[in-house]
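Working notes, structure below.
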Amino acid sequence: MAVVQYLAGLRKEDLPPPRCVHFDNLQDKIRRNIYLELPMTDGGLCLLSPALQPADNNCEARIQKLIEDNSGILLYLRERLVENLILDSAVLERSSYFLSQNNGLLLARLKYFNELEKVMELKLYTASLKDINLHYSDKIYIGRCFMSLERRELPYKGLNLYVLSLMDQYEVLKTKSVGRLDHPEKYEKTYFQEIPELIQEVVSEVIRAIDTIPTKFRPTRWDVAEMIRVKAAYRSILHLLLELAEEVVEFESVLNFNDEDKFARYVTKFKKDLKNIIFFINFNILSELTHRINVGK
847 MAVVQYLAGL
857 RKEDLPPPRC
867 VHFDNLQDKI
877 RRNIYLELPM
887 TDGGLCLLSP
897 ALQPADNNCE
907 ARIQKLIEDN
917 SGILLYLRER
927 LVENLILDSA
937 VLERSSYFLS
947 QNNGLLLARL
957 KYFNELEKVM
967 ELKLYTASLK
977 DINLHYSDKI
987 YIGRCFMSLE
997 RRELPYKGLN
1007 LYVLSLMDQY
1017 EVLKTKSVGR
1027 LDHPEKYEKT
1037 YFQEIPELIQ
1047 EVVSEVIRAI
1057 DTIPTKFRPT
1067 RWDVAEMIRV
1077 KAAYRSILHL
1087 LLELAEEVVE
1097 FESVLNFNDE
1107 DKFARYVTKF
1117 KKDLKNIIFF
1127 INFNILSELT
1137 HRINVGK
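The sequence shown runs 847 to 1143 under the working numbering.
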């Protein structure tokens, strides 16, 4: 519930202006079709429509007060979320087909809030308008993002947070396996051992690389030698992520072959988050560096 208190205390005029001012058709549809889910003290979630209206009557008084007194901050949160998806992640482009099919409808669940760093983690879904109202559980998971309302952008474009979150997600994944696997013993000495080891390698490489990578991604201010050096550091991270992804994809295939459907879908979600990080490095970082190194600024 701390995040609701935090949002209630913010003033839009004290926060950075959004970086995005031009939007294509899909991006504009998403801006107008964002549903927010805010956490309640009883562990439930309050779903807010694009008009910031609660979807049902279970919305807590504290959230109602936030809507009445500071709805502008919720609109600002949505604008910053779209900005994040356009500039600082690969979620939108990777899931553009599903978002287009659902007329740009995006459901953003505020999952976690770090009070010290003022960083939010949001889980992202899409669904048709009909499914939001009648078949809520049929929504499609498309990824997650990290963002801070008080900073224009996160250090390292949030890459450290995305990679570190893989450790937490794996622990959740392992917990989900309990009672959902018919033959868990088949995987204990293979995938359940190899995947966390690879995750630890990726995390260690990111921690090592972060000491050599500029906090802010500003290639226009770097000479060619610096861009080549930074590109090599990001590529070393990418290679470990690709190795991890290969292992996860294989695990997913084995689970499906063994009819372990009840658990396989959670591995699919984990794979989606992992692939989002890989696409982010490839298209948001390495592609830009390659272009600037070879074509110029």
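Ideal placement from N, C-alpha and C gives every residue a C-beta, glycine not left out.
Limits of the alpha helix (DSSP H) - the one that V928 falls within: The count along the sequence shown starts at 1 and reaches residue 928 at position 82. Residues A907 to L933.
Could you have a look at N960 and say whether DSSP puts it in helix, strand or coil? If you number the sequence shown from 1, residue 960 lands on position 114. Here N960 sits in strand by DSSP.
Residue ranges of each beta strand (DSSP E) within the segment 1105-1136, 3 or longer: Correct list: empty.
Anticipated Cβ contact below 8 Å, A1079 with A1055, distance rounded: Locating residue 1079 in the sequence shown gives position 233, counting from the first residue. Locating residue 1055 in the sequence shown gives position 209, counting from the first residue. Confirmed, Cβ separation roughly 5 Å.
Using the C-alpha atoms, what's the distance from K1022 back to E859? As a first step, residue 859 must be located in the sequence shown, where it is residue number 13. As a first step, residue 1022 must be located in the sequence shown, where it is residue number 176. Spanning the alpha carbons of E859 and K1022 requires a straight line of approximately 43 Å.
Are the CB atoms of A954 and L975 within a distance shorter than 8 Å? Here residue 975 corresponds to residue number 129 of the sequence shown, with the count starting at 1. Here residue 954 corresponds to residue number 108 of the sequence shown, with the count starting at 1. Not a contact, by the Cβ cut-off of 8 Å.
With distances taken from CA atoms, which of K985, G1025 and H1137 is nearest K1115? Start at 1 with the first residue of the sequence shown, and residue 1115 comes out as number 269. Ranked by how close their Cα comes to the Cα of K1115, the residues K985, G1025 and H1137 have K985 in first place.
3-residue-minimum beta strand (DSSP E) runs that sit fully inside the segment 933-1003, ordered along the chain: 952-960, 965-972 and 986-993, all fully within the segment 933-1003.
Range covered by the beta strand (DSSP E) that runs through L861: On the sequence shown, position 15 is the one that residue 861 refers to. Membership of L861 in any beta strand (DSSP E) is not indicated, and neither H nor E is assigned to it by DSSP.
Taking the alpha helix (DSSP H) that P1042 falls in, what are its first and last residues? By one-based count along the sequence shown, residue 1042 stands at place 196. In this chain, the alpha helix (DSSP H) harbouring P1042 covers Y1037 to I1056.
Can you name the start and end residues of the alpha helix (DSSP H) that L1012 belongs to? Numbered from its first residue, the sequence shown carries residue 1012 at position 166. Here the alpha helix (DSSP H) through L1012 covers L1005 to S1023.
For Y881, the three-state DSSP class (helix, strand or coil): Numbered from 1 along the sequence shown, position 35 holds the residue referred to as residue 881. Taken through DSSP and simplified to helix, strand or coil, Y881 comes out as strand.
To which residues of the same chain is R877 closer than 6 Å at the C-beta, ignoring the five residues directly before and after it? For the purposes of this step, residue 877 is taken as the residue at position 31 of the sequence shown. Same-chain partners within the cutoff: V928.
To which residues of the same chain is V849 closer than 8 Å at the C-beta, ignoring the five residues directly before and after it? As a working note, residue 849 is residue 3 in the sequence shown. Excluding residues up to 5 positions away in sequence, L884, P885, L956, F959 and M966 lie with their Cβ nearer than 8 Å to the Cβ of V849 in the same chain.
Is L898 helix, strand or coil by DSSP? By one-based count along the sequence shown, residue 898 stands at place 52. DSSP places L898 in coil when its eight states are reduced to three.
Does any CB atom of chain D fall closer than 8 Å to the CB of R1026? Annotation note: the requested chain D is absent from the structure, which comprises a single protein chain.
How would you write the range of the alpha helix (DSSP H) that N1193 sits in, first residue to last? Outside the modelled stretch of the chain, which goes from 847 to 1143, sits residue 1193, for which no answer is possible.
Span separating the alpha-carbon of N949 from that of S994: Taking the sequence shown and counting its residues from 1, the one referred to as residue 949 is at position 103. Taking the sequence shown and counting its residues from 1, the one referred to as residue 994 is at position 148. Near 27 Å, if we compare the C-alpha coordinates of S994 and N949.
I want to know whether the segment 1061-1077 touches the segment 1130-1140 - three or more CB-CB distances under 8 Å. A contact between stretches requires three or more CB pairs, one per stretch, nearer than 8 Å, and the segment 1061-1077 meets this requirement with the segment 1130-1140.
Grouping DSSP H, G and I as helix and E and B as strand, with all else coil, what is L1027? The residue given as residue 1027 occupies position 181 in the sequence shown. In the structure shown, L1027 sits in coil (DSSP, three-state: anything other than H, G, I, E or B).
Alpha carbon to alpha carbon, how far is N1104 from E1034? Give it in angstroms, no decimals. Translated into positions along the sequence shown, residue 1034 becomes position 188. Translated into positions along the sequence shown, residue 1104 becomes position 258. Each residue's alpha carbon lies about 15 Å from the other.
Counting only the same chain and skipping the five closest in sequence on each side, list residues whose C-beta sits under 6 Å from that of K964. Translated into positions along the sequence shown, residue 964 becomes position 118. Contacts found: S994 and E996.
Spatial neighbours of D977 within its chain, please: CB distance less than 8 Å, with the 5 preceding and 5 following residues excluded, ordered by chain position. Counting from 1 along the sequence shown, the entry for residue 977 is found at position 131. D984 and K985.
Give me, in chain order, the residues of the same chain whose beta-carbon lies closer than 8 Å to that of E961; leave out the 5 immediate sequence neighbours on both sides. For the purposes of this step, residue 961 is taken as residue 115 along the sequence shown, with counting starting at 1. Sequence-distant Cβ neighbours of E961 in its own chain, meaning closer than 8 Å and more than five residues away, are A848 and Y852.
Determine the extent of the alpha helix (DSSP H) in which Y1033 is found, giving its start and end residues. For the purposes of this step, residue 1033 is taken as residue 187 along the sequence shown, with counting starting at 1. In the DSSP assignment, Y1033 falls outside any alpha helix (DSSP H) and carries neither an H nor an E.
Per DSSP, cross-strand counterpart(s) of L891: For the purposes of this step, residue 891 is identified with residue 45 of the sequence shown, where counting begins at 1. In the DSSP output, where bridge partners are listed per residue, L891 has P885.
DSSP-derived helix/strand/coil call for K1062: For the purposes of this step, residue 1062 is identified with residue 216 of the sequence shown, where counting begins at 1. In this structure, K1062 counts as coil in the three-state DSSP scheme.
7 Å CB neighbourhood of I1045 in its chain, flanking five on each side removed: Taking the sequence shown and counting its residues from 1, the one referred to as residue 1045 is at position 199. Residues L1012, M1013, Y1016 and L1090 of the same chain have their beta carbon placed closer than 7 Å to that of I1045, with the five preceding and five following residues left out of the count.
With DSSP run on the structure shown, which of helix, strand or coil describes D870? Your numbering for residue 870 matches position 24 in the sequence shown. In this structure, D870 counts as coil in the three-state DSSP scheme.
Closest to G890 by C-alpha separation, out of L980, E906, N1122 and L856, would be which residue? Position 44 of the sequence shown, counting from 1, holds the residue named residue 890. Here the closest residue by C-alpha is E906.
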